[in-house]
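Accompanying notes for the structure given below.
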Amino acid sequence: MLTYTKRFMPELPEVETIARGLAKRVTGDVIESVWLGQKPEPLKSPAREIAAALEHSRILGVRRVGKHIVFDLRQNHGKPPQAWQWIVHLGMTGRMQVCEPQTEIAKHTHAIARLSSGKEVRFVDPRRFGRLSVTRAFQASGIEPLDAKFERFLELFRGRRTPIKSALLNQKLLSGVGNIYADESLFRAGIRPRRRASAITRAQFSKLLAAVKQVLQEAIVAGGSSVSDYVDADGEEGFFQLQHRVYGREGELCPVCDTRIKRVVVAGRSSHYCPQCQK
DNA sequence: ACTATGTCCTGCGAGC
DNA sequence: TGCTCGCAGGACATAG
116 MLTYTKRFMP
126 ELPEVETIAR
136 GLAKRVTGDV
146 IESVWLGQKP
156 EPLKSPAREI
166 AAALEHSRIL
176 GVRRVGKHIV
186 FDLRQNHGKP
196 PQAWQWIVHL
206 GMTGRMQVCE
216 PQTEIAKHTH
226 AIARLSSGKE
236 VRFVDPRRFG
246 RLSVTRAFQA
256 SGIEPLDAKF
266 ERFLELFRGR
276 RTPIKSALLN
286 QKLLSGVGNI
296 YADESLFRAG
306 IRPRRRASAI
316 TRAQFSKLLA
326 AVKQVLQEAI
336 VAGGSSVSDY
346 VDADGEEGFF
356 QLQHRVYGRE
366 GELCPVCDTR
376 IKRVVVAGRS
386 SHYCPQCQK
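Each residue of the first sequence is one higher than the last, beginning at 116 in my numbering.
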């Protein structure tokens with residue numbers, strides 16, 4: 116039930132896979148210098164602030180928080196040493212390359228960090244929905260889906276009049292679920308995307324949180340098998356992804372009951388569901 | 001406090 | 001074959 120892909124939507128499992136791949140390849144390295152492109156949109160912090168935080172910093176580790184990649188940095192040349200975090204959000208089309216300096220610079224490259232090992236970390240993003248920033252105390256806006264306690268989840272979601280799909284996509288509530296895994300989770304939980312959160316029972320919420328965790332975990336396992344094993348000559352990651360059961364399958368037959376999968380628009384996003392399995 | 005909607009941006013694929 | 005056009009969606013702004 117896996118597909119190999121080079122194109123993907125960076126939701127929680129994909130960002131987790133990318134962060135692990137980056138951690139494996141650049142942890143311990145030192146950023147010597149930084150180049151930032153002219154396009155202002157991808158820079159959430161001022162360019163000179165980003166450059167000042169990154170340059171001469173050692174990469175202590177790379178991890179994922181929600182859909183964000185967090186580089187934990189330590190800058191030794193100050194007294195005392197300064198702790199920084201380089202935050203990368205991939206948006207829709209953002210990619211992180213780890214490559215040699217002579218690798219041709221891809222179109223839409225917005226940032227390059229040159230490392231003392233000789234490698235470069237590059238941020239490439241055609242659509243420029245991605246964002247770069249630096250901070251000292253990064254905090255996710257919502258709860259981590261994989262660690263979420265049911266009572267907290269319930270407290271955040273119950274009673275809202277918005278469609279459950281919209282609530283799942285709201286990063287201030289739950290950090291990391293995007294359009295694809297929202298649809299897949301709702302399918303597994305048997306809930307239609309347009310159902311108002313306030314009309315969902317406690318038992319259904321319980322099933323939903325379990326489904327969210329299961330879908331994300333399975334996708335991480337699928338992606339995890341590809342960490343650092345499917346990097347092409349330009350340092351681009353490839354992935355194994357879970358086969359989607361409903362997402363992008365409008366008009367196809369439900370894998371459970373053979374009913375045709377429907378597509379509706381919720382919160383301006385295409386949403387796919389089985390009218391038989393989901394109520 | 002919440003909710004709904006519009007906007008950004010480029011690549012790609014459907015359709016003619 | 002070559003062109004146009006509309007869709008894809010994460011996060012934020014804005015309005016109600």
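By construction, the Cβ of each residue, glycine as well, lies at the ideal position given by its N, Cα and C atoms.
Just so it is clear, the structure is predicted and the values come from calculations on it, not from any experiment.
**OP:** Would you give the residue range spanned by the beta strand (DSSP E) that VAL361 belongs to?
**Re:** Per DSSP, VAL361 is not a residue of any beta strand (DSSP E), being assigned neither H nor E.
Original post:
Got a sec? Which residues, its chain only, sit under 6 Å from VAL177 by beta carbon, not counting five neighbours each side?
Top reply: Cβ within range, chain order: ALA134, LEU137, ALA138, PHE186.
Original post:
Should the region 262-275 be called in touch with the region 235-250, which here means at least 3 C-beta pairs below 8 Å?
Top reply: In short, these stretches do not touch, since the Cβ pair count stays below three.
Subject >> Within the region 116-195, ranges of the beta strand (DSSP E) (whole runs, at least 3 residues) >> reply: For the beta strand (DSSP E) assignment, the uninterrupted runs of no fewer than 3 residues enclosed by the region 116-195 are, from N- to C-terminal side, 117-120, 145-151, 172-180, 183-190.
**OP:** Flag this pair as yes or no: are the beta carbons of ILE335 and SER290 separated by less than 8 Å?
**Re:** When the beta-carbon positions are compared, ILE335 and SER290 stay at least 8 Å from each other.
Original post:
How should MET211 be labelled, buried or exposed, when 16 other C-beta atoms within 10 angstroms of its C-beta is the threshold for buried?
Top reply: It is buried - the Cβ of MET211 has at least 16 other Cβ atoms within 10 Å.
Original post:
Quick one, which of PRO278, LEU188, LYS234 has its alpha-carbon nearest ARG311's?
Top reply: Selected option, being the one with the closest Cα: PRO278.
Original post:
Who are the near neighbours of ASP69 in its chain, counting only those whose CB is closer than 8 Å to its CB and skipping five residues on each side?
Top reply: For residue 69 there is no data in the structure shown, the boundaries of the chain being 116 and 394.
Original post:
From SER343 to ARG140, what does the alpha carbon distance come to, in whole angstroms?
Top reply: Its pLDDT being 46, under 50, SER343 is placed unreliably in this model, and the coordinates cannot settle the point.
Original post:
What's the gap between the Cα of GLY245 and the Cα of PRO157?
Top reply: The C-alpha of PRO157 is placed about 6 Å away from the C-alpha of GLY245.
Original post:
How would you label LYS264, buried or exposed, when you count the other beta carbons within 10 angstroms and need 16 or more for buried?
Top reply: The Cβ neighbour count for LYS264, taken over all protein chains shown within 10 Å, is under 16; the residue is labelled exposed.
Original post:
If we ignore side chains and look at the alpha-carbon of each, how far apart do HIS223 and ILE174 end up?
Top reply: When rounded, the separation of the alpha-carbon atoms in HIS223 and ILE174 is 25 Å.
Original post:
Which residue or residues does DSSP assign as beta-bridge partners of CYS392?
Top reply: Note: CYS392 sits in no beta bridge, so no partner.
Subject >> Nearest neighbour of GLN319, chosen from GLY305, PRO125, TRP199, ARG384 [CA to CA] >> reply: Comparing Cα-Cα distances from GLN319 to each of GLY305, PRO125, TRP199, ARG384, the minimum goes to GLY305.
Original post:
When burial is assigned at 16 or more other CB atoms within 10 Å of the CB, is VAL371 buried or exposed?
Top reply: Exposed, since its Cβ has fewer than 16 Cβ neighbours within 10 Å.
Subject >> Under 8 Å between C-beta atoms of ILE202 and LEU169 >> reply: No.
Original post:
What span of residues does the alpha helix (DSSP H) with ILE295 cover, start to end?
Top reply: If you look at ILE295, you'll find it in the alpha helix (DSSP H) that goes 294-304.
Subject >> DSSP three-state assignment for SER313, whether helix, strand or coil >> reply: In the structure shown, SER313 sits in a helix (DSSP, three-state: H, G or I).
Original post:
What's the gap between the Cα of PRO195 and the Cα of ALA325?
Top reply: Linking PRO195 to ALA325 through their CA atoms gives a straight-line distance of about 45 Å.
Original post:
For VAL130, which of TRP199, PRO155, ILE220, GLY293 has the nearest alpha-carbon?
Top reply: For the residues TRP199, PRO155, ILE220, GLY293, the minimum Cα distance to VAL130 belongs to GLY293.
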